[in-house]
Structures are given as structure tokens and as C-alpha cells.
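Student:
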């Protein structure tokens with residue numbers, strides 16, 4: 443059994459500080475220990491920021507193994523393990539256990555068992571992006587069928603899941619994207635996922651455009667914001683009185699600018715969502731298990747589609763991080779292990 | 443009985459559109475009607491904005507009588523009135539009934555009876571400013587004794603009540619004010635009301651100053667914002683993780699600018715408070731009656747002091763509004779009727 447991991451001993455650029463190192467998983471499992479073999483582990487933007495040392499989530503100690511999400515198969519279990527069987531497909535329950543590794547030994551309570559038939563590429567990415575979309579649509583505003591939601595970054599990793607889940611739950615979505623040469627292609631793609639309206643940042647500033655849409659779907663009670671800056675303010679302008687904006691990203695690197703009247707006269711609420719905090723508070727809570735099971739089920743029924751992912755090998759990590767850092771690709775990279 | 447009111451038939455500057463007009467209160471009261479004689483009615487900034495037509499609260503019809511708050515004495519009651527007696531001190535329950543008037547006839551349910559011994563100058567102003575401070579300290583964060591609150595506009599009409607109520611409830615206050623020639627005098631005044639710390643907008647930007655204060659009282663769980671702009675952002679920087687900022691004004695006329703990390707990593711919440719909305723939803727609710735009774739009680743025990751008010755006559759309204767509009771005075775003007 444050849445075992446390797448991508449580990450780092452200091453903060454820095456992933457391509458520089460990560461090293462492929464041999465690891466030695468315990469041969470004899472004690473008590474509640476579980477040995478797993480990773481199948482697929484994605485590279486999320488937060489993983490890169492963690493390695494750079496600029497993310498609030500820090501590794502417990504060095505050397506640390508990179509990666510936060512992933513799906514694995516159980517190879518062996520310790521004598522006291524009750525809820526996990528050899529062959530189970532599992533994901534790690536805590537954050538930042540290190541998933542860019544061929545093998546890992548953790549204890550029983552550190553894993554959540556998924557349906558054996560789940561698509562590994564979906565399972566590997568289930569907690570962060572689909573989970574964030576699911577929670578933001580569920581936890582902040584009591585949405586009813588026919589209600590509308592506005593979101594910017596409509597084509598973001600979370601945005602495409604929000605579109606799909608909203609469609610499944612009969613919630614209308616108004617999706618804002620940046621203008622680009624292939625904007626009509628992107629519009630078509632998001633509509634094929636279930637988006638009701640796809641508008642550029644310029645279009646949502648046009649009163650006549652938005653008046654017509656809002657006359658059909660009503661003012662959104664919920665806004666999802668991963669952009670900040672002018673685009674966030676523009677979304678707030680259309681929010682229903684008493685509505686909530688949930689901020690989960692700041693891709694423009696600009697702050698959220700909110701007019702006073704929005705707070706006082708429109709009774710808008712502004713909150714944030716961070717999956718790392720939610721997962722920590724709900725590691726193996728019934729709420730989390732229910733969500734993961736629902737999401738897996740929807741994916742296996744082909745109702746929840748994974749956006750484009752590119753499978754890469756651990757061995758090629760230097761090139762992969764170079765490509766990601768250059769920003770040449772919006773696709774999601776996933777390490778897959780044979 | 444000579445009866446007059448300050449009324450307006452169109453939106454505009456108060457000094458121009460308001461007119462002192464004779465009114466004829468009903469001589470024979472029917473059913474649940476109540477005739478009151480006003481004792482004192484303050485001029486709030488929102489009253490001026492209402493007359494200008496720039497406030498979300500609009501008069502039901504024209505001509506409209508100005509004024510939103512005030513205390514009155516009951517002169518006569520209709521045959522079906524049960525809960526109100528002649529001689530009672532009352533305040534209007536709904537917003538914008540028109541209080542800049544010597545007399546008014548409304549129905550029983552439109553009045554709330556206060557303790558007969560309440561100071562009329564306090565009673566006249568009880569709903570808006572002390573009420574706003576009370577609700578913001580009670581309704582958004584579960585504060586415990588020893589917790590701290592940060593507020594800007596510490597010397598605002600609401601701010602001085604927040605200082606006093608917090609002191610009574612054993613909540614520490616960090617109060618931010620604008621620098622000014624007589625800043626030390628203002629510091630002393632606010633400390634005499636119970637302020638724990640009074641800092642200028644420049645001082646809260648100094649790490650060493652704030653570090654020392656926060657080491658003593660802990661990071662505030664609640665921030666009250668009536669300024670916006672840079673000062674609001676600076677207050678948010680000191681807010682405890684999971685803390686809430688309540689915006690109830692925007693005196694700088696600048697929006698509230700919030701860094702993305704504040705939402706995501708610090709789990710800050712940003713909401714607004716508008717007493718007009720709260721009062722509408724709680725016109726004669728037990729919550730409101732309890733609050734008014736507590737505030738009256740505290741005032742009669744000299745534990746809750748009214749900031750400086752200037753008593754003026756209805757006849758002098760043109761000069762009064764001229765002075766207010768010129769911004770020459772920060773004092774509160776109150777119409778008093780003999």
C-alpha cells in the first residue's frame with residue numbers, strides 16, 4: 443500500500459510550500475479508529491487561503507495535510523467501531539482534517555457515512571458548496587413556494603446549487619452575473635439548471651427591466667451575496683421590506699455598502715454565513731445528516747448536477763496550483779485517487 | 443375655549459407651509475370619543491421631515507396637523523368610554539395623530555393613560571427617544587449585567603437615554619462623539635449621566651486606547667448606530683463575534699460600509715430599528731404599556747433625566763422652525779400650552 447499526502451510545514455503559496463510526502467497509516471487499528479482510502483478531494487478557494495495562512499481556519503499543527511473536503515472508502519475498522527463498515531463511503535465530519543491524501547486514519551465519530559451509490563465526485567464536494575446553498579435557502583427566511591430570491595455571483599460554485607435547489611423547491615431565482623463575451627451562453631447554461639432570470643450587473647440597475655420581473659415574481663425576501671461592492675447594494679435595492687441579505691463571499695474585494703434607509707425604513711437584515719462555523723456547530727447533528735442525505739438523493743436522481751469539474755492527480759499538484767493561481771480557469775479541480 | 447392647531451395643506455418647509463388655524467373640537471362627544479387638551483408636544487426631526495414630505499410616514503389627508511408625540515389631559519369623555527377618566531394624563535397611541543394643537547378629539551383606543559404624577563415634559567417625549575433606547579437595548583441581544591454596548595452619537599437624543607438605561611441595568615457603555623471645542627464638557631456631562639467611556643471618533647481608531655477599554659469591559663455584543671459612514675465601520679471593528687449592530691439613524695448622511703469578513707467570519711448581524719414601525723405593531727401591546735410605565739417610573743424617581751429642552755409657544759412657531767432649520771441649536775424644542 444503506497445500512501446502519500448500533500449503536506450506543508452509553513453504558510454505560503456500552495457505550489458511552493460506543499461510537498462508530496464509518504465505517510466504511514468497505522469497498521470493495527472485500535473478502539474474506534476477507522477482507516478480510509480480517499481477517492482476524490484476537491485480544491486476549494488478556502489483551502490488555498492488556509493495554506494497561505496490568510497484564512498481564519500488554521501491547521502492544528504505543522505506539518506499539516508491540505509484539503510478540507512473529500513470522499514473516502516473505508517478499508518479497515520478498529521475493534522470498537524459500530525456505525526461504520528468496511529466498504530462504506532464516508533466524508534470527514536470536522537473541518538480541515540486533511541483530505542489531499544491517499545489514506546487517513548481518524549476515529550469513528552470523525553466520519554459521516556453516505557449512501558454507497560452516491561457519485562464520488564458529488565460526494566467529495568457535498569459539504570461546502572451544495573451545503574452552503576441549502577442552508578442559506580433554509581435557515582434565514584421562511585420561504586414559501588412562489589417566493590423569489592435574488593443572488594449575485596449566480597454562476598459561482600454555490601450559486602449554481604442555489605439555482606437548482608430553489609427550482610426544486612419552487613422558489614423563483616433572479617440571478618446576477620458579470621457581463622462577459624460569452625454572456626448569452628452562460629445565461630443559457632444557468633437557465634438550463636433552472637434559473638428563472640439571469641441578468642448582468644448593468645441590467646439589474648435598469649428600472650424598467652427590474653420592474654417587469656418584480657411584477658411577475660414579487661420582491662425577493664432573500665438575497666444571497668458573494669460579491670459585495672456596488673452589485674450587493676444594487677441587489678439590496680430590490681429586496682422586499684423585512685427581507686434578509688446573507689453574505690457568504692466578497693469576490694469584488696469591496697465592502698458591502700448599505701443605505702441607512704434600508705435598515706430603518708425597509709427593515710432589512712444583513713447577516714453572514716460561513717459553512718465552517720455551521721459545520722463545527724453541527725458536525726453530526728440530525729440537521730446535517732438530513733441535509734447530506736437529501737443532497738445525495740437529489741444528485742443520484744440527477745436533479746442536482748455538479749458543475750464542471752476537472753479531475754487531477756496528486757502528482758500533478760504543482761501545475762494545478764499554478765493554473766488556479768493564474769486564474770485561467772473557473773472550473774473546480776478535484777484530486778482523484780485511483 | 444380657544445382652540446388652535448399648526449396645520450399644513452401641502453408638503454414644504456415647516457416655517458412656510460404650517461399655519462396656525464382655529465379648530466372646533468366636537469362639543470358633544472359620542473360613543474368612545476375623548477376630548478383632550480395638550481400640555482406639551484415636542485418637535486422631533488422626523489416631524490419636520492414628515493412636513494417636508496421626505497419621511498416614509500405621510501399624513502392620511504390634508505390639511506394635516508403637525509406633530510407625532512405629546513402629552514395631554516383629558517377634558518371630557520363620551521358615554522361609552524371605560525378606561526379613561528377626566529383629568530387623566532394621556533399620550534396618543536398611533537403615530538402622527540397631530541399633536542401640535544391645543545385640543546384634539548380621538549377615540550378611547552387612540553390614547554394610553556400614563557401615571558398622573560408623570561413630568562409632562564418627559565411624558566411628551568416618552569415614546570420616541572427613551573422608547574427607542576429602551577427597545578434597542580432589550581430586543582436584539584440578550585445582554586447580561588456587566589456586558590458592554592458601543593454607540594455612536596452618544597450625545598444624541600436617543601444616546602443620552604441609552605447611557606442612562608444601560609447604567610440602570612448594569613450594562614457598560616462605550617460612547618462615541620464627534621470632536622468639538624467643548625469636548626471635555628460634553629464628556630463630563632455624559633459621564634454624569636452614567637457613561638462609562640466617552641471617546642471621540644478619532645480616539646476609537648487608536649488601537650491602544652480601545653485595547654485597554656476592551657480589556658476591562660470586554661468586546662461589546664451590541665452596537666447602536668445613528669451616524670453611519672466611517673464611524674459606524676469603526677464601531678463594528680470592536681464588536682464581539684456574533685454581535686449585532688442596530689442602525690436607527692444616519693446623521694453623517696453616509697451609508698454603512700461593512701467588510702465582508704464581518705459578516706462571514708465574525709458572524710455580525712446588522713439590523714435597523716424604527717420606532718414608528720415598532721409602535722404601529724405594538725400600539726397598546728402589554729410590552730409597550732410595560733415600557734411606558736417603567737420609563738415614567740424611572741423618570742419620577744429622578745433616575746432617568748430629560749436632556750435640555752426649550753419650551754416654546756405655538757404662536758412663535760415661525761421663529762422656532764427658523765432656528766431649528768439653521769441648525770443653531772442641538773436642544774429639543776417642545777411646544778407647551780398654558
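Chains as they are written, first to last, in the numbering used here: chain A, 443 to 780; chain B, 443 to 780.
No residue lacks a Cβ here, since even glycine has one placed at the ideal position from N, Cα and C.
Does DSSP put residue 504 of chain B in a helix, in a strand, or in coil?
Tutor: coil
Student: Counting only Cβ-Cβ distances shorter than 8 Å, please list the residues of the region 716-728 of chain A near chain B, keeping chain order.
Tutor: Cβ proximity to chain B below 8 Å picks out 716, 719 from the region 716-728 of chain A.
Student: How far does the alpha helix (DSSP H) with residue 488 of chain A in it extend, from its first residue to its last?
Tutor: Its alpha helix (DSSP H) spans residues 487-494.
Student: Less than 8 Å between the CB atoms is what I'm expecting for residue 512 of chain A and residue 490 of chain A, so what's the real figure, rounded?
Tutor: With 8 Å as the limit, residue 512 of chain A and residue 490 of chain A do not qualify as a contact, their Cβ atoms being about 15 Å apart.
Student: Would residue 690 of chain A count as contacting chain B if we go by Cβ distances under 9 Å?
Tutor: The beta-carbon of residue 690 of chain A is placed less than 9 Å from the nearest beta-carbon of chain B.
Student: In the region 712-759 of chain B, which residue ranges form an unbroken alpha helix (DSSP H) of at least 4 residues, counting only runs that do not cross its ends?
Tutor: 717-723, 728-742
Student: Cβ closer than 7 Å: which chain B residues qualify as neighbours of residue 495 of chain A?
Tutor: Simply none; closest approach about 14 Å.
Student: Contact defined as beta carbons within less than 8 Å: I believe residue 540 of chain B pairs with residue 506 of chain B. What is the distance between those atoms, to the nearest angstrom?
Tutor: 7 Å
Student: For residue 763 of chain A, name the three-state secondary structure that DSSP assigns.
Tutor: Three-state result, residue 763 of chain A: helix.
Student: Distance check for residue 681 of chain A and residue 647 of chain A, CA to CA, integer angstroms please.
Tutor: 13 Å
Student: Do we get a CB-CB distance below 9 Å when we pair residue 709 of chain B with the residues of chain A?
Tutor: Residue contact check for residue 709 of chain B against chain A: a CB pair falls below 9 Å.
Student: From which residue to which residue does the beta strand (DSSP E) around residue 606 of chain B run?
Tutor: Not the beta strand (DSSP E): residue 606 of chain B falls in the alpha helix (DSSP H), residues 601-610.
Student: Between the beta-carbon of residue 592 of chain A and the beta-carbon of residue 700 of chain A, is there less than 9 Å?
Tutor: no
Student: Using alpha carbons as the reference points, say which of B:536, B:545, B:636, B:465 lies closest to residue 477 of chain B.
Tutor: B:545
Student: Can you confirm whether residue 505 of chain B, when its beta carbon is compared against all beta carbons of chain A, has any partner nearer than 9 Å?
Tutor: no
Student: Can you check whether the C-beta of residue 701 of chain B is within less than 9 Å of a C-beta belonging to chain A?
Tutor: True, the Cβ-Cβ gap to chain A drops below 9 Å.
Student: For residue 693 of chain B, which three-state DSSP category applies?
Tutor: Shown here, residue 693 of chain B sits in coil according to DSSP, grouped into three states, outside any helix or strand.
Student: Runs of 3 residues minimum, wholly inside the region 552-622 of chain A: which ones carry the beta strand (DSSP E) assignment?
Tutor: 553-556, 590-594, 614-619
Student: Using three-state DSSP, classify residue 672 of chain B as helix, strand or coil.
Tutor: helix
Student: So, for residue 764 of chain B: in the same chain, excluding its five sequence neighbours on each side, which residues have a beta-carbon less than 7 Å away from its beta-carbon?
Tutor: 457
Student: Between the C-alpha atoms of residue 702 of chain A and residue 601 of chain B, what's the straight-line distance to the nearest angstrom?
Tutor: 17 Å
Student: Closer than 8 Å: is that where the CB of residue 610 of chain B sits relative to any heavy atom of the ligand MN?
Tutor: This structure lacks the ligand MN; in fact it carries no ligand of any kind.
Student: Does the CB of residue 590 of chain A have a neighbour CB from chain B at under 9 Å?
Tutor: no
Student: Which residue marks the beginning of the alpha helix (DSSP H) containing residue 528 of chain B, and which one marks its end?
Tutor: Careful: residue 528 of chain B lies outside any alpha helix (DSSP H) and carries neither H nor E.
Student: Going by CA-CA distance only, name the one from A:552, A:619, A:658, A:587 that's closest to residue 641 of chain A.
Tutor: A:619
Student: Determine whether the beta carbon atoms of residue 698 of chain B and residue 670 of chain B lie at a separation below 9 Å.
Tutor: yes
Student: If contact means a Cβ-Cβ distance below 7 Å, which residues of the region 657-677 of chain B contact chain A?
Tutor: For the region 657-677 of chain B, which is checked against every Cβ of chain A, the residues closer than 7 Å are 670.
Student: Is the Cβ of residue 705 of chain A closer than 9 Å to any Cβ of chain B?
Tutor: yes
Student: Any contact of the region 627-641 of chain B with the region 556-566 of chain B, i.e. 3+ C-beta pairs under 8 Å?
Tutor: They do not touch, by the three-pair rule.
Student: Which residues in chain B sit within 7 Å of residue 697 of chain A, going by Cβ to Cβ distance?
Tutor: 699, 700, 701, 702
Student: To the nearest angstrom, report how far apart residue 672 of chain A and residue 730 of chain B are at their CA atoms.
Tutor: 39 Å
Student: Does residue 712 of chain B come within less than 9 Å of chain A when only Cβ atoms are used?
Tutor: yes
Student: Mind listing the chain B neighbours of residue 456 of chain A? Cutoff is C-beta to C-beta under 9 Å, in chain order.
Tutor: Neighbours of residue 456 of chain A on chain B: none; closest Cβ ~21 Å, over 9 Å.
Student: How many whole angstroms separate the CB atoms of residue 514 of chain A and residue 480 of chain A, which I take to be in contact at a CB cut-off of 8 Å?
Tutor: 5 Å
Student: To the nearest angstrom, report how far apart residue 569 of chain B and residue 734 of chain B are at their CA atoms.
Tutor: The alpha-carbon atoms of residue 569 of chain B and residue 734 of chain B are separated by roughly 8 Å.
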